[in-house]
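If you're matching positions, the sequence shown starts at 2 in my numbering and goes up one per residue. In what follows, a single structure is set out as structure tokens and then discussed.
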Amino acid sequence: MLIALVILAAVAGLFVVLYNGLVNAKNSVDEAWSGIDVQLKRRYDLIPNLVNVVKGYVKHEHDTLVEVTEARAQAQASLSQGPQGARSVGAAESLLGEALMRLYAVAENYPDLKANENFMQLQGQLATIEEELSMARRYYNGTVKALNNRIMQFPSNVVASLGHFAKADYFEIQNQQEREVPLVQF
């Protein structure tokens, strides 16, 4: 009888340890997503200022400015899904990135705009945010990997199925052009 109690206590202890590890991994994914969320919100707050500065210089580039504004709104709306919507946020972010690249291409045609102190400052801030966002994405994807490993590996996969833990999605590049290595020619 004593041996059965010891075995039962060991199994219960293992279950608690595995369950707590899964909870910890899930909370790490949520925390990492909040880091992405913060950086994206900073980026979304900065974009209207950038558009307004450009708008003052390029009156006839209306379509590009509208495209950036709409892409920002779509990306911002997709954030409300949290980490479960990582794929849709990634897709919206790819569209926003493409629109921003077109905005920068427009700015290249206006030397006065490129020399504008506000534009340069906003562009620098956006570059800093992009670097921080890249770090947040890497951290998030690392925590997703850790959670998904726990969910798939034995014996924690048994506890994960009993506790209804689900695999998380990676924050991946949706735009195939961003995945391609740039061609450099001399």
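Using N, Cα and C, we set each Cβ at its ideal position, and we do this for glycine too.
Buried/exposed call for residue i, threshold 16 Cβ in 10 Å
i                 : result
phenylalanine 172 : buried
glutamate 91      : In the sequence as presented, glutamate is not what sits at residue 91; that position holds glycine. Counting Cβ neighbours within 10 Å, glycine 91 comes out buried, since at least 16 surround it.
asparagine 21     : exposed
leucine 9         : exposed
phenylalanine 120 : buried
isoleucine 152    : buried
serine 81         : exposed
leucine 3         : exposed
glutamate 131     : exposed
glutamate 28      : Per the sequence presented here, residue 28 reads as asparagine, with glutamate not at that position. That one is exposed.
alanine 5         : exposed
glutamate 94      : buried
serine 135        : exposed
asparagine 150    : exposed
alanine 78        : exposed
alanine 100       : buried
glutamate 62      : buried
tryptophan 34     : buried
leucine 184       : Model confidence at leucine 184 stands at a pLDDT of 47, short of 50, so the residue's coordinates are unreliable; what they give is reported in the following sentence. That one is exposed.
valine 7          : exposed
glutamine 186     : Any reading at glutamine 186 must be qualified, since the residue scores a pLDDT of 43, below 50, and its modelled position is unreliable; the value itself is stated next. Exposed is the call here.
Beta-carbon separation (whole angstroms), residue i vs residue j, contact threshold 8 angstroms
i            : j           : result
threonine 26 : alanine 137 : Rather than threonine, the amino acid found at residue 26 in this sequence is alanine. In fact, because the Cβ distance is near 18 angstroms, the residues do not count as touching under 8 angstroms.
tyrosine 140 : glycine 36  : 6 angstroms
valine 52    : leucine 41  : Actually they are not in contact, since the Cβ atoms of valine 52 and leucine 41 sit about 17 angstroms apart, beyond 8 angstroms.
valine 107   : valine 54   : That pair is no contact at about 12 angstroms.
valine 145   : valine 30   : 6 angstroms
leucine 19   : serine 157  : 5 angstroms
leucine 97   : alanine 76  : 5 angstroms
leucine 23   : glycine 143 : Not quite, the Cβ-Cβ distance comes to about 16 angstroms (not below 8 angstroms), so this is no contact.
is_contact[residue i, chain C] using C-beta, thresh 8 angstroms
i            : result
tyrosine 105 : The structure shown contains no chain C, having only a single protein chain.
Open item on the list: Does the region 106 to 116 come into contact with the region 67 to 87, if we say contact requires no fewer than three beta-carbon pairs (one atom in each stretch) closer than 8 angstroms?
Closed with: Taking a cut-off of 8 angstroms for Cβ pairs, the region 106 to 116 and the region 67 to 87 do not touch, as fewer than three such pairs fall below it.
Open item on the list: For the region 159 to 171 against the region 78 to 96, do three or more pairs of beta-carbon atoms, one drawn from each stretch, fall closer than 8 angstroms, so that the two count as touching?
Closed with: As far as the Cβ criterion goes, the region 159 to 171 touches the region 78 to 96, which means the pair count is three or higher.
TODO: Inspect the CB distances between the region 41 to 52 and the region 120 to 132 and report whether three or more fall short of 8 angstroms.
DONE: With the cut-off at 8 angstroms, the region 41 to 52 and the region 120 to 132 touch.
- [ ] Let me know the alpha helix (DSSP H) ranges lying completely inside the region 102 to 179, each 4 residues or longer, listed in chain order.
- [x] For the region 102 to 179, whole alpha helix (DSSP H) runs of length 4 or above, ordered along the chain, are 112 to 116, 118 to 153 and 157 to 163.
Task: Segments assigned beta strand (DSSP E), at least 3 residues, entirely inside the region 5 to 55 - done: As far as the region 5 to 55 is concerned, it has no whole beta strand (DSSP E) run of at least 3 residues.
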